[in-house]
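As you go down the protein sequences, you meet chains Z and V in turn.
Take 1 as the starting number for the first sequence in UniProt numbering and just add one per residue.
Take 1 as the starting number for the second sequence in UniProt numbering and just add one per residue.
Glycine included, every Cβ here is placed at the ideal spot set by N, Cα and C.
Here is the structure we will look at, set down as structure tokens.
Protein chains: 2
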Amino acid sequence: MATLKIYADRNSQPSRAVILFCKLNGIEFEEVKIELFKREHRSPEYAEITPMRQVPAIAHGEFKLFESHAILIYLACAFPTVAGHWYPTDLFKRAKIHSVLDWHHTNLRRGSVGYLLNAKLAPVFGLPLNPQAAAEGEKVLIASLSKIESFWLHEDGKFLLGNDQPSIADLSLLSEVMQLELLDENERSRILGPFKKVHRWIEDVKNATQPHFDDVHAVLFKTIATAKKQQVDTARS
Amino acid sequence: MATLKIYADRNSQPSRAVILFCKLNGIEFEEVKIELFKREHRSPEYAEITPMRQVPAIAHGEFKLFESHAILIYLACAFPTVAGHWYPTDLFKRAKIHSVLDWHHTNLRRGSVGYLLNAKLAPVFGLPLNPQAAAEGEKVLIASLSKIESFWLHEDGKFLLGNDQPSIADLSLLSEVMQLELLDENERSRILGPFKKVHRWIEDVKNATQPHFDDVHAVLFKTIATAKKQQVDTARS
Chain Z
1 MATLKIYADR
11 NSQPSRAVIL
21 FCKLNGIEFE
31 EVKIELFKRE
41 HRSPEYAEIT
51 PMRQVPAIAH
61 GEFKLFESHA
71 ILIYLACAFP
81 TVAGHWYPTD
91 LFKRAKIHSV
101 LDWHHTNLRR
111 GSVGYLLNAK
121 LAPVFGLPLN
131 PQAAAEGEKV
141 LIASLSKIES
151 FWLHEDGKFL
161 LGNDQPSIAD
171 LSLLSEVMQL
181 ELLDENERSR
191 ILGPFKKVHR
201 WIEDVKNATQ
211 PHFDDVHAVL
221 FKTIATAKKQ
231 QVDTARS
Chain V
1 MATLKIYADR
11 NSQPSRAVIL
21 FCKLNGIEFE
31 EVKIELFKRE
41 HRSPEYAEIT
51 PMRQVPAIAH
61 GEFKLFESHA
71 ILIYLACAFP
81 TVAGHWYPTD
91 LFKRAKIHSV
101 LDWHHTNLRR
111 GSVGYLLNAK
121 LAPVFGLPLN
131 PQAAAEGEKV
141 LIASLSKIES
151 FWLHEDGKFL
161 LGNDQPSIAD
171 LSLLSEVMQL
181 ELLDENERSR
191 ILGPFKKVHR
201 WIEDVKNATQ
211 PHFDDVHAVL
221 FKTIATAKKQ
231 QVDTARS
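Shown next, in the form of structure tokens:
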């Protein structure tokens with residue numbers, strides 16, 4: 001069996017989705033850390049893995065692939081041990097999963113990244129904060145959460161599309177929503193507060209993916225704790 | 001056989017990709033025009049088809065679907081007459097097609113829409129032009145074209161990913177690039193000029209998809225001709 005290498009930074013939401021998927025399905029892999037904060041994704045060596053210089057990427061033997069949704073689908077098909085609910089073979093169910101994943105790119109992800117980067121994270125990457133872009137990102141983020149609440153989550157079935165068991169779409173979208181933990185408590189409440197079904201879905205996906213969920217998110221929680229400590233120290237000094 | 005309805009505006013690039021795919025594969029469909037310039041996508045009736053109120057969407061019997069990539073994949077799988085090169089069953093080839101389609105969302109499409117909307121089309125939708133957003137869009141657009149030139153097109157094989165025959169990715173990305181015809185000749189040359197392989201690829205996909213290509217793009221060319229006439233009339237008055 002060819003070795004599976006996953007090039008990832010667990011601070012990145014699509015990296016976490018791919019690693020979590022592998023752990024949930026007993027897929028063995030070697031994790032190659034590409035630390036975004038150290039700009040390791042810009043190295044010439046990493047450009048050999050993916051010319052897009054983003055995480056995650058995989059190398060499965062000689063086969064290289066990037067884009068997390070494409071990777072999740074590939075892994076679900078390449079490993080026969082993966083349970084059917086992650087990426088059903090049924091034509092209609094599969095089409096709906098593609099639809100929510102495509103929607104994610106230009107809605108939830110665009111809003112979440114646009115808001116977080118421009119309201120919070122830009123200085124980490126040597127960029128200025130951009131209040132106008134942050135406001136635009138927040139608008140898209142809230143509209144996206146509202147669509148998850150009113151459309152992608154149904155009354156019957158705990159998971160996206162009204163499914164009884166989680167799919168790769170739940171992993172991808174939840175990893176994105178978890179990134180909002182980087183916000184202050186008040187800010188996060190303001191944004192996520194109104195969406196009761198989204199809250200319940202977050203808990204349901206967490207519960208369905210433990211103990212791997214906590215394990216895969218530990219790096220993000222450590223980053224958050226460090227950032228909060230720095231804020232307190234700065235406020236004191 | 002269930003009726004296939006395609007809700008589309010041929011001025012929209014993903015609408016054209018879906019219609020072109022059906023015509024190329026002899027898939028019968030009823031086209032339901034949703035005119036964006038008349039804001040027909042905002043009507044309550046259309047919200048029943050897709051709550052996202054974007055084009056294209058399909059209804060195949062009772063089954064409704066939106067997001068053009070998801071639609072292309074669904075149609076390629078639902079109609080057994082579709083030739084294998086459009087969406088190969090091979091695990092690795094299919095994964096690469098997913099990768100280029102996912103990449104498209106946050107690169108070529110983001111750049112193209114960001115530039116065209118903010119530099120040119122905003123007034124049509126009652127919005128102001130936004131030079132800063134246009135500049136950002138142009139940067140993403142040019143970086144994306146550069147990646148098509150240097151990575152997605154290979155020396156061997158005329159089409160994306162070095163394929164000898166076109167795939168759904170060629171239809172989706174070419175429909176996007178055709179939208180740049182809305183620019184003035186000089187502007188279009190400035191943006192597309194440096195990319196020789198992209199130029200050859202445009203011609204190769206056009207040739208491989210005629211006479212349907214011209215047929216499906218006729219509405220866009222008419223829109224462009226009308227806009228140019230209006231510009232000349234405005235300059236004269």
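Three-state class that DSSP yields for residue i in the structure shown
i         : result
V:Phe-37  : helix
V:Leu-129 : coil
V:Val-32  : strand
Z:Leu-153 : coil
V:Ala-83  : coil
Z:Leu-65  : strand
V:Lys-158 : coil
Z:Ile-27  : coil
Z:Leu-183 : coil
V:Ala-2   : coil
Through-space distance from residue j to residue i, alpha-carbon basis
i         : j         : result
Z:Asp-233 : Z:Thr-226 : 10 Å
Z:Asp-214 : V:Val-219 : 52 Å
V:Lys-120 : V:Asp-164 : 36 Å
Z:Ser-112 : Z:Glu-138 : 7 Å
Z:Asn-207 : Z:Ala-135 : 33 Å
V:Ile-202 : Z:Pro-211 : 50 Å
V:Glu-31  : V:Lys-5   : 6 Å
V:Gln-132 : Z:Val-177 : 29 Å
Z:Leu-145 : Z:Leu-160 : 12 Å
Z:Asp-105 : V:Ser-68  : Contrary to the premise, residue 105 of chain Z reads as His rather than Asp in this sequence. Roughly 13 Å between the two C-alpha positions.
V:Thr-3   : V:Glu-62  : 9 Å
V:Ala-59  : Z:Val-140 : 27 Å
Z:Ala-47  : V:Ile-49  : 42 Å
V:Arg-188 : V:Trp-86  : 29 Å
Z:Lys-126 : Z:Arg-236 : The residue you asked about is not Lys; residue 126 of chain Z is Gly in the sequence shown. Answer to the nearest angstrom: the Cα atoms are 24 Å apart.
Z:Pro-44  : V:Arg-42  : 47 Å
is_contact[residue i, chain A] using C-beta, thresh 9 Å
i        : result
Z:Ile-73 : The structure shown contains no chain A; its protein chains are Z and V.
Residues that residue i contacts on chain Z, provided the C-beta gap is smaller than 7 Å
i         : result
V:Cys-77  : Leu-91
V:Phe-151 : Pro-51
V:His-85  : The premise fails here: V:His-85 is roughly 19 Å from chain Z at the closest Cβ pair, so nothing lies under 7 Å.
Per-residue contacts from residue i into chain V (C-beta, under 9 Å)
i        : result
Z:Leu-65 : Phe-92, Ala-95, Lys-96, His-98, Ser-99
Near the ligand ADP: residue i beta-carbon under 8 Å from a heavy atom
i        : result
V:Lys-96 : Summarising the ligand content, the structure contains no ligands, and the ligand ADP is consequently not present.
Cβ distance (whole Å) where residue i is taken to contact residue j below 8 Å
i         : j         : result
Z:Leu-129 : Z:Asn-118 : 6 Å
V:Ala-169 : Z:His-98  : Not confirmed; about 14 Å, so no contact.
Z:Ser-124 : Z:Phe-37  : The sequence given here has Val at residue 124 of chain Z, not Ser. Contact holds; Cβ gap of about 6 Å.
V:Leu-20  : V:Thr-209 : 6 Å
V:Asn-34  : V:Glu-40  : The residue asked about is misnamed: residue 34 of chain V is Ile in this sequence, not Asn. Confirmed, about 5 Å.
Z:Lys-158 : Z:Asp-204 : 4 Å
Z:Leu-171 : Z:Ala-17  : 5 Å
V:Trp-103 : Z:Met-52  : 7 Å
Minimum C-alpha distance to residue i - residue among the options
i         : options                                   : result
V:Leu-174 : V:Met-1, V:Leu-153, V:Glu-185             : V:Leu-153
V:Lys-197 : V:Lys-33, V:Ser-150, V:Asp-102            : V:Ser-150
V:Ala-8   : V:Phe-21, V:Gln-54, V:Pro-44              : V:Gln-54
V:Thr-81  : V:Lys-147, V:Ala-133, V:Glu-30, V:Gly-26  : V:Gly-26
V:Asn-11  : V:Ser-189, V:Gln-179, V:Ala-83, V:Arg-200 : V:Gln-179
V:Ala-76  : V:Pro-194, V:Ser-167, V:Lys-64, V:Gly-157 : V:Ser-167
Z:Val-216 : Z:Lys-23, Z:Met-1, Z:Ala-2                : Z:Lys-23
V:Leu-72  : V:Arg-94, V:Arg-188, V:Glu-62             : V:Arg-94
V:Leu-91  : Z:Trp-86, Z:Ala-78, Z:Tyr-87, Z:Ala-83    : Z:Ala-78
V:Pro-14  : V:Leu-127, V:Lys-229, V:Ala-57, V:Glu-185 : V:Ala-57
Z:Pro-194 : Z:Ala-143, Z:Tyr-46, Z:Asp-156, Z:His-85  : Z:Ala-143
Z:Lys-228 : Z:Glu-181, Z:Phe-66, Z:His-85, Z:Tyr-87   : Z:Glu-181
Z:Arg-200 : Z:Ser-43, Z:Arg-188, Z:Glu-155            : Z:Glu-155
Z:Phe-66  : V:Gly-84, V:Lys-96, V:Glu-185             : V:Lys-96
V:Tyr-115 : V:Thr-89, V:Ser-43, V:Leu-183, V:Arg-42   : V:Leu-183
Within chain V, partners of residue i - CB distance below 8 Å
i         : result
Z:His-105 : Asp-102, His-105, Thr-106
Z:His-69  : His-98, Asp-102
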